[in-house]
Every structure is written in C-alpha cells, then in structure tokens.
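Since the structure comes first, as structure tokens, the remarks are kept for the end.
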Amino acid sequence: MRRLLFAVLLLGAVVTVPTAVGATDKKVTFTVGQLEDVDSLNVTVGVLVVDYEVWNLIWPTLTNMSAKDFSPEPGMAESWTSSNGGLTWTYKMRAGMKWSDGEPMTADDVKYTIDRANEEQWSSHTYITQNLTAKIVDASTLEITSSVPDPRLPELGVYIFPKHIYEKISKDDLPNYTAEEKIGGGPFMQGEVKQGEYVRLERNPNWYGKKPVIDEVIIRHYSDSNAQFQALKSGEIDAVDDVPVNSFASIKSGDNIVGINGNQGGFRELAMNSGCSSSPGDGNPALKDKVVRQAINYAIDRDLLVEKTLKGYGKAGTGLVPSADPSWDLKIAADKQYKYDPDKAKSLLDQAGWKDSNGDGVRDKDGKDLKLRLFDRSIGGGQDNTEFIVGWLKDVGIATEVSTMDDDTLTAAIGQNQFDMFLWGWVPFVDPDSQLSDFITSEATTDPEAPGYDDANWCSPEYDKLYDQQHVELDVSKRREIVQKMLELFYEEAPYAVLYKYDELQAFRSDRWENFVRQPDKTGPVLFTNSSPAYLELRPKGGGGSSGGSALLWAGLGVAAVAVVGGGFLMRSRRKVSADERE
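Just so we're aligned: the sequence shown equals residues 12 to 594 in this note's numbering.
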C-alpha cells in the first residue's frame with residue numbers, strides 16, 4: 012500500500028469487449044475507463060489503485076469511512092464502545108448479514124481475518140492488525156484489544172474475508188490464489204474478469220447496507236489516455252479517471268460531460284539518495300550532505316511546475332503529505348519554505364564546498380564534478396517535470412544524466428540502492444501513520460533482497476522517536492503536534508523535494524448520471540478514493556444511465572506486473588501508477 016511499485020507494459024489492440032448495456036438489457040450499468048489494468052484480485056498480493064477500487068466494492072470492513080470527512084461509520088459493526096483506557100473496543104455486529112453466496116457473515120469472519128493476517132504477516136493487513144487480538148464475546152459481539160494504544164481505533168478498515176472460503180486455502184497456496192470466485196460481502200460481488208480488458212462487478216443481492224441503483228460496474232482498461240477520453244466523448248463509457256490535463260481543460264458546457272478535479276493528498280516528488288543505509292549501492296555521496304539536498308530544493312520553481320505541467324490543477328508542494336485529510340499537512344511559515352531562489356541554492360552549494368573551479372559550468376569538489384543521475388518514468392504522469400528540473404539544476408551548477416525507465420526497472424534500482432535521484436509520487440491513506448512509517452530507520456534500504464519502504468534512503472533517530480510517540484498517542488491534538496514535528500524534521504533534512512500536490516482529474520457523462528459524491532466532501536475526487544462511496548450514491552439521469560456505443564473499442568491489451576524485489580517491496584500508500592503515483 013504505499014508501497015506500489017510496479018510496471019505496466021502496454022500494447023494497443025482492438026479487442027472485443029461487451030458493451031455495458033445491450034439493446035434489450037434493462038440493467039443499469041456504470042462503465043469506468045481506467046489506465047491501470049487490475050494487477051490481482053487477491054488482496055494479499057495486489058497493490059494498484061484499481062485493485063483497491065474493486066476491493067472497496069466487494070469486500071466488507073468492520074467499520075466504514077465517511078464520504079464527508081473520513082470519520083468512522085458503521086460497517087459490519089453497527090456500534091462500538093471503548094474500555095481499558097482505549098486499548099479495548101467492543102463492537103456490536105449487525106444481525107442477519109450474509110455473504111453473496113448466502114453463507115452467514117459474522118464476527119467469526121472478522122476474528123479469522125485478523126488472526127490469519129497476523130500469523131502469516133499479510134502486508135495488506137498487518138500495518139493495522141499486528142498489535143490486535145480479537146475475541147468473540149457472543150453471537151453479536153466482537154472484542155478487539157490492542158497491545159499498545161492505537162489512535163486509529165475504533166476505525167478498522169481492513170478487508171474482511173469469508174472464513175468458509177479462505178480456510179480452504181493454505182498459506183503456501185495463498186500467494187497464487189486468483190480470488191476469482193463470484194463472491195463478495197460489499198455492495199457488489201465479482202463477476203467476469205478478462206485480464207487486460209475489463210472487470211465486471213455485479214450487485215450483491217445480500218448486501219446489508221444501502222442498495223446501489225447501479226446493477227453492475229465495469230472497469231475497462233485502456234492503454235492510452237487520449238483514446239480513453241475519446242471513448243467518453245463518444246458515449247462508449249460513463250466515466251474516466253486520470254483525464255489528461257489538456258483534455259480536462261477542453262471540457263465545456265454543452266459537451267454532455269462534466270469534469271471534476273479533486274485532491275486526496277496525491278503528490279509528486281524528486282527523491283534523493285540520502286545514503287542512510289550501509290548496504291551496497293552506488294548513490295552519489297554528495298547527496299549525503301543535507302545542505303546539497305536543501306540547495307536542490309531551492310533550485311526548483313514549484314509554482315511554475317503547477318502552472319506549466321498541471322495547468323493550475325494543483326498547488327506547489329511544501330513537505331511530505333502524510334494523509335488524504337489536508338488537516339494533517341505541514342504548516343510552515345512562508346519565510347522558511349523552499350521557495351524558488353537560485354541564489355540561495357548557489358550559496359548553499361558554495362557552503363558545502365562545491366564550486367566551479369574550471370569555469371565549465373559544473374561545480375566540483377576534490378576533483379569530482381557534481382553530476383547526478385536522474386531517473387524518470389516511461390509510463391504515468393510527470394515526465395514533463397524532468398526538463399524543467401534539469402534546467403534549474405544546470406543553472407546552479409549541477410549536471411544531470413537522465414535515464415527513462417519502466418516502473419519495474421526503476422523499482423529495482425531503488426530497491427538495490429543504485430540511484431541518485433528519481434521522480435515518482437505517493438497517494439497517502441487517511442491516517443498519517445502509514446505514510447510516516449515509510450521513513451523510519453528500519454525501512455531504509457539495508458538488504459537488496461528485501462528492501463524497505465524508505466525510497467530516499469534517509470533515516471533519523473529523532474524522527475524514529477517521534478514516530479513511536481505518535482503511533483500510540485490517543486490525544487488527537489497532542490498527536491498532531493508530534494506529527495508536525497516529524498514533518499518539519501523531514502522538511503529540514505530534505506530527502507525529498509516535494510514538487511506539488513496535484514488534483515485528480517475525472518470526467519463523467521453528465522447527460523446520464525448525477526449525484527457525484529466526493530471524498531472528502533467538496534474537495535476530493537469522486538472515483539478511486541479511500542473507501543469508494545460514490546457508487547452507492549450515483550443516480551441515472553431521467554432513469555437512464557446505460558452505456559451505449561460499439562462493442563469494438565480500442566482497448567489496451569497489456570500486462571501489468573508488480574515489481575516485488577525479493578518479495579518485499581509492496582508500497583502500501585503508493586496506490587497509483589497513473590498520474591505519477593507509485594502507489
């Protein structure tokens with residue numbers, strides 16, 4: 012989850028894809044265009060944002076997340092109370108719940124999921140469940156106790172699985188489990204899946220919550236963003252995620268299309284190899300000096316990037332973004348921010364001993380030029396940042412050597428500590444703990460066979476200490492103060508140059524659909540959010556809503572592969588590859 016490092020290798024092809032609604036089909040179908048192909052329907056394996064969208068619709072959670080402000084809402088549990096100083100939470104379960112196959116859905120499924128996740132160390136669950144134990148009190152009551160104070164409780168958003176299905180799958184077989192049974196416990200259940208083409212979800216007749224008007228959801232894969240947008244304009248699909256900036260800006264009244272730009276914390280960064288670990292690698296030692304990293308931060312004109320590459324759909328970055336909830340963002344005085352100041356950058360480089368001794372425009376020290384490798388991505392957004400950054404670094408005397416890589420090649424380079432700088436991004440979850448945990452010392456790259464999540468190879472004992480404090484602080488105001496100190500420290504140490512927070516650009520057929528619910532309310536996107544509530548609220552306009560169009564579409568015939576270096580590099584919060592998020 013943060014943790015998304017993968018490659019999408021795409022080949023365009025004309026393929027036969029079923030239309031969302033046939034001439035005699037009365038189903039209400041909502042079809043979404045998506046540049047990512049589903050990686051895996053197995054929650055313990057998949058990591059892409061499109062995987063999460065599917066899982067959000069088919070798997071239940073003990074508690075849900077409010078579309079308005081991310082606050083906990085009833086899920087499988089209808090209410091809860093705390094005791095034992097906030098260490099123990101008692102949940103009252105809904106009565107009469109069933110899985111889509113008719114089997115009872117009970118507290119025993121929750122206990123089974125927590126117990127097995129902890130026993131087998133599922134990366135999809137243990138960052139939340141590792142300190143939790145579950146006990147069945149009676150048929151309608153579940154008790155969960157944490158061995159340490161956990162500020163994330165009572166919210167428990169991990170996916171709950173049907174015991175009667177999963178207990179038949181051994182630990183050894185689970186990584187290869189395709190999870191393609193027509194099963195679910197959320198508002199939808201899995202239907203037909205064609206890798207590289209589409210995933211069809213069907214309404215779950217046994218769903219305990221609010222019934223969606225939509226009968227089925229089709230997530231259709233495209234290999235090209237422009238082709239995807241044209242499919243929306245022609246009426247072949249109902250919605251598009253990750254609309255190209257220029258296409259989004261071209262939407263006008265009368266197109267029967269509405270564009271919605273929302274932010275849920277996604278940001279892009281220039282990461283620098285800070286040289287923390289002692290593992291083999293070839294990072295440039297110049298970047299071990301935080302003064303050099305600070306100089307690079309001052310050399311970048313973030314406002315210009317927002318203007319030129321985002322067309323204004325975002326805002327200049329300040330620091331690490333820990334949460335989809337903007338209330339957790341770094342708050343720092345304007346005079347302490349890394350505003351574009353090439354003279355300041357030059358002064359810092361002078362201070363660090365890097366000077367142009369021979370007048371060739373490149374700074375040097377001890378006979379070595381300050382020349383840094385910059386890796387960018389061949390797929391996903393953000394490549395247009397590279398040329399700007401190369402120019403700005405040249406202006407202050409830093410030479411760059413640019414290499415463009417597919418995602419799994421770049422992932423391997425990062426995991427093996429063989430890089431100087433790279434461009435990528437993150438989409439954080441709601442609670443800041445997950446994103447903050449990526450930069451504790453234990454996550455710095457120390458083993459090429461099993462790298463951690465700290466892709467900047469940075470560590471700080473002070474940061475570690477603060478992380479441990481916030482991890483168990485139940486007082487929200489005190490926890491916010493600790494998190495701010497962590498963000499300030501990360502900002503001052505500058506292992507990242509956070510370029511900007513970007514808006515997610517989505518478009519919908521406004522002649523067919525209405526009631527587009529954002530998460531968070533008013534500022535977030537509609538689709539591909541943290542808990543995907545929009546599908547329950549969408550309404551066909553005038554009783555319609557079927558997706559017409561030809562059955563022959565230019566779709567992407569592709570292969571999506573997650574680069575799991577040594578089986579351990581799954582980025583929890585980096586949930587997205589399109590729009591430049593690692594997810």
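Yeah, the Cβ is synthetic: ideal placement off N, Cα and C, and Gly gets one too.
Item, Value
"Tell me the residue span of the alpha helix (DSSP H) that contains residue 396.", "395-406"
"Alpha carbon to alpha carbon, what distance is there between residue 53 and residue 185?", "8 Å"
"At 3 residues or longer, and completely inside the segment 36-110: list those beta strand (DSSP E) runs for me, N to C.", "40-45, 74-76, 83-85, 88-94 and 99-104"
"Write down the C-beta distance between residue 198 and residue 68 rounded to the nearest angstrom, noting that I regard them as a contact closer than 8 Å.", "6 Å"
"Please name the residue or residues paired with residue 382 in a DSSP beta bridge.", "410"
"Return helix, strand or coil for residue 164, following the three-state DSSP convention.", "coil"
"Using alpha carbons as the reference points, say which of 431, 254 and 553 lies closest to residue 506.", "431"
"Measure from the alpha carbon of residue 531 to the alpha carbon of each residue in 273, 350, 477 and 324, then state which is nearest.", "273"
"Following the continuous beta strand (DSSP E) through residue 140, name the residue where it begins and the one where it ends.", "From DSSP, residue 140 is part of no beta strand (DSSP E) but of the alpha helix (DSSP H) over 137-140."
"Our contact map puts residue 276 next to residue 536 with C-beta atoms below 8 Å; I'd like the distance itself, whole angstroms only.", "Their Cβ separation, rounded to whole angstroms, is 11 Å, which puts residue 276 and residue 536 out of contact at 8 Å."
"Which of helix, strand or coil does DSSP assign to residue 543?", "coil"
"My output table needs one value for residue 443: the three-state DSSP class, helix, strand or coil.", "coil"
"Whole-angstrom Cβ separation of residue 269 and residue 518, contact assumed at under 8 Å?", "7 Å"
"Looking at the strands, I want to know which residues DSSP matches up with residue 517.", "252 and 271"
"With DSSP as the reference, please indicate the residues paired to residue 232 in a beta bridge.", "45"
"Span of the alpha helix (DSSP H) holding residue 199?", "First-last for residue 199: 199-205, but that is the beta strand (DSSP E), not the alpha helix (DSSP H)."
"Near residue 149, which residues of its chain fall below 7 Å by C-beta distance, leaving aside the five closest residues on each side in sequence?", "none"
"Look at the alpha carbon of residue 526 and the alpha carbon of residue 236, and state the distance between them as a whole number of angstroms.", "25 Å"
"Secondary structure at residue 210, three-state DSSP: helix, strand or coil?", "strand"
"Under a Cβ-count criterion, where at least 16 other Cβ atoms within 10 Å of its own Cβ denotes burial, should residue 448 be classed as buried or exposed?", "buried"
"Would the beta-carbon of residue 508 fall within 8 Å of that of residue 308?", "yes"
"Under DSSP, the beta strand (DSSP E) around residue 148 begins and ends at which residues?", "143-149"
"Pick from 194, 85 and 107: whose alpha carbon is nearest that of residue 151?", "107"
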